[in-house]
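Colleague: Below you'll find the structure I mean.
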Amino acid sequence: MKIVSQIREPIEDEMQLFEEKFLKSMSSKVALFNRITYYIVNRKGKQMRPMFVFLTAKLLNGEVNERTYTGASIIELIHTASLVHDDVVDDSNKRRGFFSINALWKNKIAVLVGDFLFSKGLLVSLENKDYDLLHIISNAVRDMSEGELLQIEKARLLDITEDVYYDIIRQKTATLIAACCSMGACSVRPDSDEVEIFRKFGELCGMAFQIKDDLFDYGAEKIGKPTGIDIKEQKMTLPLIYALNNSDKDKKKWLINSIKKHNKNKKRVKEVIEYVKEKGGLDYAVVKMLEFKDEALAILDNYPDSEYKSALTLMVNYVVDRKK
Numbered sequence: 077m078k079i080v081s082q083i084r085e086p087i088e089d090e091m092q093l094f095e096e097k098f099l100k101s102m103s104s105k106v107a108l109f110n111r112i113t114y115y116i117v118n119r120k121g122k123q124m125r126p127m128f129v130f131l132t133a134k135l136l137n138g139e140v141n142e143r144t145y146t147g148a149s150i151i152e153l154i155h156t157a158s159l160v161h162d163d164v165v166d167d168s169n170k171r172r173g174f175f176s177i178n179a180l181w182k183n184k185i186a187v188l189v190g191d192f193l194f195s196k197g198l199l200v201s202l203e204n205k206d207y208d209l210l211h212i213i214s215n216a217v218r219d220m221s222e223g224e225l226l227q228i229e230k231a232r233l234l235d236i237t238e239d240v241y242y243d244i245i246r247q248k249t250a251t252l253i254a255a256c257c258s259m260g261a262c263s264v265r266p267d268s269d270e271v272e273i274f275r276k277f278g279e280l281c282g283m284a285f286q287i288k289d290d291l292f293d294y295g296a297e298k299i300g301k302p303t304g305i306d307i308k309e310q311k312m313t314l315p316l317i318y319a320l321n322n323s324d325k326d327k328k329k330w331l332i333n334s335i336k337k338h339n340k341n342k343k344r345v346k347e348v349i350e351y352v353k354e355k356g357g358l359d360y361a362v363v364k365m366l367e368f369k370d371e372a373l374a375i376l377d378n379y380p381d382s383e384y385k386s387a388l389t390l391m392v393n394y395v396v397d398r399k400k
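Residues are numbered in our numbering as their position in the sequence shown, beginning at 1, plus a constant of 76.
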């Protein structure tokens with residue numbers, strides 16, 4: 077059995093019902109919206125985020141409730157909206173091996189679809205008067221936007237320290253996974269310490285997840301984006317930051333010049349990748365990624381053994397072991 081199927085197994089019934097509810101939550105009176113959302117749903121990914129919601133709820137409570145389904149729908153709507161907008165921002169024509177929304181229907185429609193999905197995510201929580209869940213996702217959307225802008229701002233100057241890098245990935249990536257886990261906890265234990273504990277758990281998983289994504293930029297796995305794309309887009313990843321911090325003045329100047337002025341040159345990008353590898357940038361990033369993973373697993377150690385704990389443990393390990 078594939079790892080993702082093993083993770084999903086204890087919540088298979090919940091995931092199937094969730095998919096029905098999720099499809100309904102995307103419905104519109106406008107036929108074009110329905111055609112596009114149908115396209116999105118039929119090209120869904122692994123659905124890791126809803127799985128985080130359900131597994132957290134079942135770990136804490138043994139069962140889910142209607143609020144858990146609401147939380148999972150909110151998360152998936154907001155996540156899908158952010159991907160649609162990301163493809164516009166990055167001018168990307170492919171998503172998970174398929175044409176992106178902006179490639180098929182152009183940027184204007186893609187932006188509107190993203191806006192529509194965002195609004196649906198907020199409305200789902202309001203319709204059920206789940207204001208605590210709305211608060212969690214609103215904070216996440218704010219953090220995601222600020223993280224993306226901070227990354228763009230720092231990319232212009234190429235002055236990202238390791239601490240600033242962690243701030244960026246905490247906001248732009250980890251905050252949504254943190255929201256998944258805190259929503260799962262909040263849906264079944266709304267006023268408990270578990271809401272914050274599992275927010276932290278999700279954040280740690282998200283940090284490890286993003287560093288793993290950074291590492292893909294230096295490898296040859298088939299992940300849907302070519303090697304070196306982060307360098308071409310002037311994104312400061314952890315391996316690159318480490319290499320910069322451990323280079324002499326001349327090499328640092330060469331690196332910055334390569335990223336600023338030669339980032340479209342395939343030969344130069346390849347040289348940068350090789351240099352970062354030689355300086356131990358990848359090894360350092362792996363160490364940091366595993367530290368975040370171990371911190372996340374330490375949180376799970378405080379809870380009794382169950383199939384849900386086993387699935388979450390498998391999920392954390394999958395985040396760092398995945399091949400794409």
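Just so it is clear, CB atoms sit at the ideal spot from N, CA and C, and this is done for glycine as well.
With a cut-off of 8 Å on the beta carbons, I'd call M427 and V392 a contact; round off their distance for me.
Modeller: With the chain running from 77 to 400 in the structure shown, residue 427 is simply not present.
Colleague: DSSP three-state call for E309: helix, strand or coil?
Modeller: Here residue 309 is taken as the residue at index 233 of the sequence shown, counted from 1. Here E309 sits in coil by DSSP.
Colleague: Figure out for me which residue from K336, S263, G121 has the closest Cα to the Cα of R232.
Modeller: Your numbering for residue 232 matches position 156 in the sequence shown. With distances taken between Cα atoms, R232 lies closest to K336.
Colleague: Do L314 and D290 have their C-beta atoms within less than 8 Å of each other?
Modeller: As a position in the sequence shown, residue 314 is number 238, starting the count at 1. As a position in the sequence shown, residue 290 is number 214, starting the count at 1. Yes.
Colleague: Apart from the five residues just before and just after Q247, which ones in its own chain have a Cβ nearer than 6 Å to its Cβ?
Modeller: For the purposes of this step, residue 247 is taken as residue 171 along the sequence shown, with counting starting at 1. Result list for Q247: D219, E222, G223, in chain order.
Colleague: Assuming L135 contacts K385 under a Cβ cut-off of 8 Å, what Cβ separation, rounded to an integer in Å, is found between them?
Modeller: Here residue 135 is taken as the residue at index 59 of the sequence shown, counted from 1. Here residue 385 is taken as the residue at index 309 of the sequence shown, counted from 1. 6 Å between Cβ atoms; contact.
Colleague: Under 6 Å Cβ to Cβ from I79, same chain only, skipping five residues before and after it: list those, please.
Modeller: Taking the first residue of the sequence shown as position 1, residue 79 is located at position 3. Around I79: Y394.
Colleague: Measure the C-alpha to C-alpha separation of M124 and K400 and round it to an integer number of angstroms.
Modeller: Sequence index remark: in the sequence shown, residue 124 carries index 48 (1-based). Sequence index remark: in the sequence shown, residue 400 carries index 324 (1-based). Roughly 13 Å between the two C-alpha positions.
Colleague: Below 8 Å on the Cβ atoms is my guess for L427 versus V362; work out the distance and round it to an integer in Å.
Modeller: Beyond the ends of the chain as shown, which are 77 and 400, falls residue 427; an answer cannot be given.
Colleague: Whole alpha helix (DSSP H) runs in the segment 94–144 with 4 or more residues, listed along the chain?
Modeller: Complete alpha helix (DSSP H) runs here, min 4: 107–117, 124–137.
Colleague: For A148, which residues in the same chain have their Cβ closer than 7 Å to its Cβ, ignoring the five residues on either side in sequence?
Modeller: On the sequence shown, residue 148 is found 72 positions in, with the first residue counted as 1. Within the same chain, A148 has close Cβ partners F94, P126, V129, F130.
Colleague: Give the secondary structure of K184 by DSSP, where H, G and I count as helix, E and B as strand, and everything else as coil.
Modeller: The residue you call residue 184 lines up with position 108 of the sequence shown. The answer is helix: DSSP assigns K184 an H, G or I state.
Colleague: Is the beta carbon of N141 closer than 8 Å to that of V271?
Modeller: One-based indexing of the sequence shown puts residue 271 at position 195. One-based indexing of the sequence shown puts residue 141 at position 65. Not a contact, by the Cβ cut-off of 8 Å.
Colleague: How do the segment 92–107 and the segment 145–165 stand: do at least 3 beta-carbon pairs fall below 8 Å, yes or no?
Modeller: Because the criterion of three Cβ pairs below 8 Å is met, the segment 92–107 and the segment 145–165 touch.
Colleague: Kindly indicate which residue of N110, F109, T132, I112 has the alpha-carbon position closest to the one of E90.
Modeller: Taking the sequence shown and counting its residues from 1, the one referred to as residue 90 is at position 14. It is T132 whose Cα lies nearest to the Cα of E90.
Colleague: Could you tell me whether the segment 322–334 touches the segment 277–291, using the rule of 3 or more Cβ pairs below 8 Å?
Modeller: Contact fails: fewer than three Cβ-Cβ distances are below 8 Å.
Colleague: Taking the alpha carbon of R143 as the point to measure from, which residue in S258, N339, E350 has its own alpha carbon closest?
Modeller: Walking along the sequence shown from the start, residue 143 turns up at place 67. Checked all of S258, N339, E350; the closest Cα to R143 is S258.
Colleague: So for S323, helix, strand or coil by DSSP?
Modeller: Against the sequence shown, residue 323 aligns to sequence position 247. The answer is coil: DSSP assigns S323 none of H, G, I, E or B.
Colleague: Return the chain-ordered ranges of every alpha helix (DSSP H) run that is complete within the segment 241–268 and spans a minimum of 4 residues.
Modeller: Qualifying alpha helix (DSSP H) stretches, in chain order: 251–264.
Colleague: Can N183 and V200 be called in contact, C-beta distance under 8 Å?
Modeller: Taking the first residue of the sequence shown as 1, we reach residue 183 at position 107. Taking the first residue of the sequence shown as 1, we reach residue 200 at position 124. No; because the gap between Cβ atoms is not below 8 Å, this pair is not in contact.
Colleague: Evaluate P266 with the Cβ neighbour count: other Cβ atoms within 10 Å of its Cβ, from every protein chain shown; 16 or more gives buried, anything less gives exposed.
Modeller: One-based indexing of the sequence shown puts residue 266 at position 190. Exposed, by the Cβ-count rule.
Colleague: G295 lies in the alpha helix (DSSP H); which residues open and close that run?
Modeller: Your numbering for residue 295 matches position 219 in the sequence shown. Segment: none, G295 is in no alpha helix (DSSP H) and carries neither H nor E.
Colleague: Does I190 come out as helix, strand or coil in the three-state DSSP assignment?
Modeller: Within the sequence shown, numbered from 1, the residue matching residue 190 stands at position 114. Residue identity check: residue 190 is Gly in the sequence provided, not Ile. Note: G190 maps to helix in three-state DSSP.
Colleague: Can you look up S221 in the DSSP assignment and give me helix, strand or coil?
Modeller: Here residue 221 corresponds to residue number 145 of the sequence shown, with the count starting at 1. In this structure, S221 counts as helix in the three-state DSSP scheme.
Colleague: Grouping DSSP H, G and I as helix and E and B as strand, with all else coil, what is R398?
Modeller: Reading the sequence shown from its first residue, position 322 is the one you call residue 398. Here R398 sits in coil by DSSP.
Colleague: With L358 as the anchor, note down where its alpha helix (DSSP H) starts and where it stops.
Modeller: Against the sequence shown, residue 358 aligns to sequence position 282. Where L358 is concerned, the enclosing alpha helix (DSSP H) stretches over 357–376.
Colleague: For L234, which of helix, strand or coil comes out of DSSP?
Modeller: For the purposes of this step, residue 234 is taken as the residue at position 158 of the sequence shown. Residue state, collapsed to three classes: coil.
Colleague: Check the C-beta distance from V189 over to V160 and give it rounded, since I have them as a contact under 8 Å.
Modeller: Position 113 of the sequence shown, counting from 1, holds the residue named residue 189. Position 84 of the sequence shown, counting from 1, holds the residue named residue 160. About 6 Å separates the two Cβ atoms, so the contact holds.
Colleague: Would a C-beta distance cut-off of 8 Å place A157 and L99 closer than the cut-off?
Modeller: On the sequence shown, position 81 is the one that residue 157 refers to. On the sequence shown, position 23 is the one that residue 99 refers to. Contact flag unset, no.
Colleague: What are the boundary residues of the alpha helix (DSSP H) that includes S81?
Modeller: Here residue 81 corresponds to residue number 5 of the sequence shown, with the count starting at 1. Note, S81: alpha helix (DSSP H), 79–84.
Colleague: Less than 8 Å between the beta carbons of L152 and L280, yes or no?
Modeller: The sequence position of residue 152 within the sequence shown is 76, counting from 1. The sequence position of residue 280 within the sequence shown is 204, counting from 1. Position check: residue 152 holds Glu in this sequence, whereas Leu was assumed. Cβ atoms of E152 and L280: not closer than 8 Å.
Colleague: The alpha helix (DSSP H) spanning I349 covers which residue range?
Modeller: The residue labelled residue 349 in the question sits at position 273 within the sequence shown. Start and end: 342–354.
Colleague: Would L331 and V345 be called neighbours here (beta carbons separated by less than 8 Å)?
Modeller: Translated into positions along the sequence shown, residue 331 becomes position 255. Translated into positions along the sequence shown, residue 345 becomes position 269. Contact: no.
Colleague: Using C-beta distances below 6 Å, list every residue in its chain close to D306, excluding the 5 sequence neighbours before and after it, in chain order.
Modeller: As a working note, residue 306 is residue 230 in the sequence shown. The answer, listed in chain order, is D293, T313.
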